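Notes to accompany the following structure.
There are 2 protein chains.
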Amino acid sequence: MTVPQGSPRGRGRPRDPETDAAILAAALELFVERGVEGTSMEQVAKRAGVGKLTLYRRWSSKEDLLAQAIEQWVRAEVTPSAAEVYALEPRDLIERVLPAAAEMAASTGFRALVARIMGSAVSHPALMEVYWRHYILPRRELAAAMLRRAQQDGLVAVDADLDVLIDMMAGAVTYRVLQPDPPDATEMLRYLRAVYRQAGLYPPPEEK
Amino acid sequence: MTVPQGSPRGRGRPRDPETDAAILAAALELFVERGVEGTSMEQVAKRAGVGKLTLYRRWSSKEDLLAQAIEQWVRAEVTPSAAEVYALEPRDLIERVLPAAAEMAASTGFRALVARIMGSAVSHPALMEVYWRHYILPRRELAAAMLRRAQQDGLVAVDADLDVLIDMMAGAVTYRVLQPDPPDATEMLRYLRAVYRQAGLYPPPEEK
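Next up, the structure:
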């Protein structure tokens, strides 16, 4: 436990970063294991080893706490920078990004978290909104940049609706990993290549 | 309440179809409102106006009960028959099916149920399996028949991976309806046309 430090964010007392990290980690774990409805502030406090009042001093509700736990998690994820997207050929970028994306998409932790966020999209839209704003939107902007470039290169139709095409690509992966008999990383890599190929971004068989 | 009738299915006492229907309807409602973790056999019994023992005589667990509630719901949904799929041109079939599909996809009830099923895919895979087997698979077979025909007509590439393409189409819709700011039925119809068009199944602008 470090000495509590002041923080400009939040309410009440100065925050202890280690305590906050333990609380956010416990909240994310419980959300993935039990969903929003199966998670309570008491359970989070117990798993993080803090008192319930400590939680309520920092977060006014379970939804606020879970939203910040999701935001914290997505910040730790790496993604290609805009500079990389503009510097590389779309096909080179895909080859570079796909293996790590396949590993992540096939992992149980990712599948479980995506399931929970999708699962609470109608009952607790605030969680999806956080995930959307902090995780999905920046990645959509990069995907749109890649697709616009591919349009210039003649790989994707100039009149394609890029928002719809991005939904088809991201939606296929989200949908696939929640189906019965989910793919392992090797199968997921093959799958991602097939998705990119169907979108027009990946070499046809004779170029492989 | 009708006179209880014998039934070859299930365990214990003869079933009363009206009681079963009330229990299954209550279970589906609670699942949509509260998710698997937020739903208990007690709550279902209370909402259906029956005793808890009545539930346990028929279903050994909450998961079994919810699986049957989902199965019952999907049986009531209509879908074009295989004969229609084979008799119509793909584009005529799409025009015929799309308005009703857009209405359904944009409805809050559908969005909420899909969210819950996706949400429990990792924690309670049995529910996704029931939905997959009884609802998704028959529709995928019809979609595959339509796409194979479109391949013969030169609308879809002969070497397209149809499983992946179906995931892209169905995944886009599932993904879109769970995003913040979900579409209404009019916007959903436009969206479905864009998805079908991207897949190669829908007329390009000059033919509209």
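First to last, the sequence lines map onto chains C and U.
Under my numbering, the very last position in the first sequence is 241; numbers go up by exactly one each time.
Under my numbering, the very last position in the second sequence is 241; numbers go up by exactly one each time.
Every residue gets a Cβ at the ideal spot worked out from N, C-alpha and C, and that includes glycine.
All figures in this text were calculated on a predicted structure; none of them were measured in a lab.
Does any residue of chain U have a CB that is nearer than 8 Å to the CB of E51 (chain C)?
no
Does any residue of chain C have a CB that is nearer than 8 Å to the CB of P123 (chain U)?
no
How many whole angstroms separate the CB atoms of Y224 (chain C) and P216 (chain C), which I take to be in contact at a CB cut-off of 8 Å?
6 Å
In angstroms, rounded to a whole number, what distance separates the CA positions of G233 (chain C) and R67 (chain U)?
41 Å
Tell me which residue opens and which closes the alpha helix (DSSP H) that D214 (chain U) is part of.
Per DSSP, D214 (chain U) belongs to no alpha helix (DSSP H) and is neither H nor E.
Do you know offhand how far G142 (chain U)'s Cα is from V155 (chain U)'s?
22 Å
Under 8 Å, CB to CB, which of the residues in the stretch 208 to 229 of chain C have a partner in chain U?
Y208, R209, L211, Q212, P213, Y224, A227, V228
The stretch 165 to 185 of chain U in contact with the stretch 198 to 212 of chain U per 3-pair CB rule at 8 Å
yes
Helix, strand or coil for G152 (chain U), going by three-state DSSP, please let me know.
helix
Express the C-alpha separation of E162 (chain U) and D97 (chain U) in angstroms, rounding to a whole number.
12 Å
Which ranges does the alpha helix (DSSP H) cover as unbroken runs of at least 4 residues, wholly within the stretch 188 to 238 of chain U, from first to last along the chain?
195 to 211, 218 to 232
Listed by chain order, chain C residues near G84 (chain U) by CB distance under 9 Å:
Within 9 Å Cβ-Cβ: nothing; G84 (chain U) doesn't reach chain C, min ~24 Å.
Contacts that G68 (chain U) makes with chain C (C-beta to C-beta distance below 9 Å):
G68, V69, E70, G71, G152, S153, S156
Any Cβ of chain U within less than 8 Å of the Cβ of Q101 (chain C)?
no
Taking 8 Å as the cut-off, decide whether the C-beta atoms of T52 (chain U) and V83 (chain U) are in contact.
yes
A58 (chain C) vs L99 (chain C) beta-carbon contact at 8 Å:
no
Helix, strand or coil for V69 (chain C)? Go by DSSP, reduced to three states.
coil
Flag G204 (chain C) as yes if its beta-carbon sits less than 8 Å from any beta-carbon of chain U, otherwise no.
yes
Going by DSSP in three states, L98 (chain C) sits in which element: helix, strand or coil?
helix
Spatial neighbours of V145 (chain U) within its chain, please: CB distance less than 7 Å, with the 5 preceding and 5 following residues excluded, ordered by chain position.
Residue identity differs from the one stated: residue 145 (chain U) is Ala in this sequence, not Val. Closer than 7 Å at the Cβ level, and outside the excluded window around A145 (chain U), lie V65.
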